[in-house]
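Let me begin by presenting the structure, written as structure tokens, before commenting on it.
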Amino acid sequence: MSIIISVPLHSTGGLTPRFVAYPVDLRDDGGGEEEEEEKKKKKKRRRTSKKTRLTWSAYLCFWPDLFPADFQTSPTPSNEQRASPAHLHRQLSFFPFDASRQRGGQTHSVAMAARSLPRSLSRQLAFVRPYGTVQSSIPKPVATASSPAAVAPSPTSSLPAALQDAVAASAPRTSWTREEITQIYQTPLNQLTFAAAAVHRNFHDPAAIQMCTLMNIKTGGCSEDCSYCSQSSRYDTGLKATKLSSVDSVLEAARIAKENGSTRFCMGAAWRDMRGRKSNLKNIKAMVSGVREMGMEVCVTLGMIDGEQAKELKEAGLTAYNHNVDTSREFYPSIITTRSYDERIQTLGHVRDAGINVCSGGILGLGEEDSDRVGLIHTVATLPAHPESFPVNALVPIKGTPLGNRKMIEFDKLLRTVATARIVLPATIVRLAAGRISLTEEQQVTCFMSGANAIFTGERMLTTDCTGWDEDKKMFDKWGYYPMKSFERGEYKGIAEKQSSSVSDVVAEPAQPAAAPAS
1 MSIIISVPLH STGGLTPRFV AYPVDLRDDG GGEEEEEEKK KKKKRRRTSK KTRLTWSAYL
61 CFWPDLFPAD FQTSPTPSNE QRASPAHLHR QLSFFPFDAS RQRGGQTHSV AMAARSLPRS
121 LSRQLAFVRP YGTVQSSIPK PVATASSPAA VAPSPTSSLP AALQDAVAAS APRTSWTREE
181 ITQIYQTPLN QLTFAAAAVH RNFHDPAAIQ MCTLMNIKTG GCSEDCSYCS QSSRYDTGLK
241 ATKLSSVDSV LEAARIAKEN GSTRFCMGAA WRDMRGRKSN LKNIKAMVSG VREMGMEVCV
301 TLGMIDGEQA KELKEAGLTA YNHNVDTSRE FYPSIITTRS YDERIQTLGH VRDAGINVCS
361 GGILGLGEED SDRVGLIHTV ATLPAHPESF PVNALVPIKG TPLGNRKMIE FDKLLRTVAT
421 ARIVLPATIV RLAAGRISLT EEQQVTCFMS GANAIFTGER MLTTDCTGWD EDKKMFDKWG
481 YYPMKSFERG EYKGIAEKQS SSVSDVVAEP AQPAAAPAS
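FYI, full-length UniProt numbering numbers position 264 of the sequence shown as 264, with every residue one higher than the one before it.
Here it is, written out as structure tokens:
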């Protein structure tokens, strides 16, 4: 029985190796008698194995970082190579075996990054239908004196240079151009998500997901005209305005969130800014201190704040401040007119200057174009320092708002935005925020595999429904994810080599703007 395997002829660098297809015989030569004896001894086990059905096509991929230029003498990859970030399947515990094939008088040895196949599986592979395109679409190697095997031009050459550079980078940068981000965003989705996964594994633990819980501590009555928001006093959404919640009720909600596994507690208040709200600020500071004493990260979103207010929140123990830029600078005026884009950027500056982590992202599905999603990412990627968190919200249309009749954004566009954000903001936590409840479990996991590593979970978002803790725990258990610890950050080489302090110290004293954040 033979199967077709894809083998890199030589190292090409970048993301996509050159491949050639060879049939490989998986049977043991001369193993007939031994196999007959084994049949008699393991009859029951063989019966059990017959019940197994192969439900996926065996497509064995080999990446150039595991192979030298001369594939004829390819050695078995070392443990260090197998554990490298570029080897995306390192967590699957693959083990090498060798296969060979006579071709043109030469023996080509292949180091296989795959599990050695037992006879029972080899038999079942005989029933897997091979894809003819694997044999017909890949050119056969032609040996020459100067080149062991000549093949068609590498697909790597079609990838934008900006994407290749981003995958190879060991630290974030803030000098992105809009053209570079556009090139990355427009990369074919299968290559884009693969690149995002590579970057994600270089900067973060790919199995760790930050669990955040959001509470609306002051509902409705906002004077702003954000066309997507149910809390604006300008729209008839049926939402009743409330006063600021009591400190005790907020701390009780935080305790429940912690008991259910959340490690970050976020609080939102519906108003334009904090001017003239000294009493409210005092109570919010008490909330911040109380949540922080529980050992949780704490984030607030209170509209625009000045430098002094930011310092007071920092002294109270605030971990992060959320202030989204929502969309691109160009599209922004069609969504909001009561607050300028520059005022949002100015608030982020006050937060950063106070030593508070920045949380800033946007909303997808407002009617924007692809260029606006690129513009959103470009805005935060060119700040003096990348935000520690980048929330990706999918618009939840609210009846009564100007955008109440819009449909949710297509998943491929949301996924493309998540993957691009991960590549351009490599050390930042990318959070699936509003609208996640509308995604299937498989769509959510696809986002996790493409760089998202935080969610909002619990009872509610601000005014819309939220996926609950129990559902998320089941999803984590099924797919192999686990909650990120409080103050845990995905470190990368540039920070890990320079800092020896604890993660808590890093969070308490963020790096200077010139340095890259530890997300």
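Glycine residues also receive a C-beta, built at the ideal position from the N, C-alpha and C atoms. Quick caveat, the model's predicted, so the values are computed rather than measured.
Q) Between the C-alpha atoms of E179 and S371, what's the straight-line distance to the nearest angstrom? A) Straight across, the Cα-Cα distance linking E179 with S371 is about 10 Å.
Q.
Just to confirm the assignment, what range does the alpha helix (DSSP H) spanning L376 have?
A. D370 to A381
Q: State buried or exposed for S333, treating a residue as buried only when at least 16 other CB atoms are found within 10 Å of its CB.
A: Reading the sequence as shown, one finds Pro at residue 333 and not Ser. When all chains shown are included, P333 counts as exposed.
Q. Does E330 have its Cβ less than 8 Å from a Cβ in chain D?
A. No chain D appears in the structure shown, which is made up of a single protein chain.
Q: Can you give me the Cβ contacts of E459 inside the same chain, cut-off strictly under 6 Å, excluding the 5 residues immediately before and after it?
A: none
Q. Roughly how many whole angstroms lie between the Cα atoms of L159 and D306?
A. For L159 and D306, the distance between alpha carbons rounds to 43 Å.
Q | Closest residue to T379 among V291, L348 and S289 (Cα-Cα distance) | A | Out of V291, L348 and S289, L348 has the C-alpha closest to the C-alpha of T379.
Q) If we count the other Cβ atoms within 10 Å of its Cβ and call it buried at 16 or more, is A171 buried or exposed? A) exposed
Q) If you draw a straight line from the C-alpha of K399 to the C-alpha of K474, how long is it? A) Spanning the two alpha carbons is a distance of roughly 32 Å.
Q: Could you check what DSSP says for P188 in three-state terms: helix, strand or coil?
A: coil
(Q) Below 8 Å, how does it come out for the region 317-332 and the region 350-370: are there three or more Cβ pairs, yes or no? (A) yes
**Q.** Cα-Cα separation between A241 and L376, rounded to whole angstroms
**A.** Computed Cα separation, rounded: 31 Å.
Q: To the nearest angstrom, report how far apart L383 and S389 are at their CA atoms.
A: The C-alpha of L383 lies about 13 Å from the C-alpha of S389.
Q: For A394, count neighbouring Cβ atoms within 10 angstroms of its own Cβ and tell me buried if that reaches 16, exposed if not.
A: With 16 or more other CB atoms across the displayed protein chains lying within 10 angstroms of its CB, A394 is buried.
**Q.** Secondary structure, alpha helix (DSSP H): runs of 4+ residues fully inside the region 275-348
**A.** 278-293 and 307-315
Q) If we call anything under 8 Å between Cβ atoms a contact, is A454 one with R431? A) yes
Q: Whole angstroms is fine: what's the gap from F203's alpha carbon to T401's?
A: 39 Å
Q) Based on the DSSP output, what are the partners of F390 in its beta bridges? A) V430
(Q) Check for me: the alpha helix (DSSP H) holding T446 runs from which residue to which? (A) E441 to M449
Q.
Going by DSSP in three states, F487 sits in which element: helix, strand or coil?
A. coil
Q.
Judging by CA-CA distance, which residue of D225, A208 and D472 is the nearest neighbour of N260?
A. Selected option, being the one with the closest Cα: D472.
Q: Determine, using beta carbons only, whether N216 and L462 come nearer to each other than 8 Å.
A: yes
Q) With burial defined as no fewer than 16 other Cβ atoms inside 10 Å of the residue's Cβ, what is the status of D326: buried or exposed? A) buried
Q.
Helix, strand or coil for V199? Go by DSSP, reduced to three states.
A. helix
**Q.** Beta carbon of T213 nearer than 8 Å to that of C299
**A.** no
Q: Use the C-beta contact count for V392: other C-beta atoms within 10 angstroms, 16 or more gives buried, fewer gives exposed.
A: buried
Q. How long is the line joining the alpha carbons of V167 and W176, rounded to whole angstroms?
A. 14 Å
Q.
Suppose the cutoff is 7 Å on Cβ atoms and the five residues either side in sequence are ignored; what does the same chain contact list for T182 look like?
A. V374
**Q.** N- and C-terminal bounds of the alpha helix (DSSP H) containing A454
**A.** A454 -> not in any alpha helix (DSSP H); beta strand (DSSP E) instead, spanning A454 to F456.
Q. What residues in its chain sit with their C-beta under 7 Å from that of T464, if we drop five residues either side in the sequence?
A. V396 and A434
Q.
One question on the structure: do I331 and E368 come within less than 8 Å of each other, judged by their Cβ atoms?
A. The amino acid occupying residue 331 in the given sequence is Phe; Ile does not appear at that position. Taking the C-beta atoms as reference points, E368 is found nearer than 8 Å to F331.
Q) Helix, strand or coil: how does DSSP classify Q164 here? A) Note: Q164 maps to helix in three-state DSSP.
Q) Between which two residues does the beta strand (DSSP E) harbouring V358 extend? A) N357 to C359
Q) Taking C-beta to C-beta, are K243 and K218 nearer than 8 Å? A) In this structure, K218 lies closer than 8 Å to K243 by Cβ.
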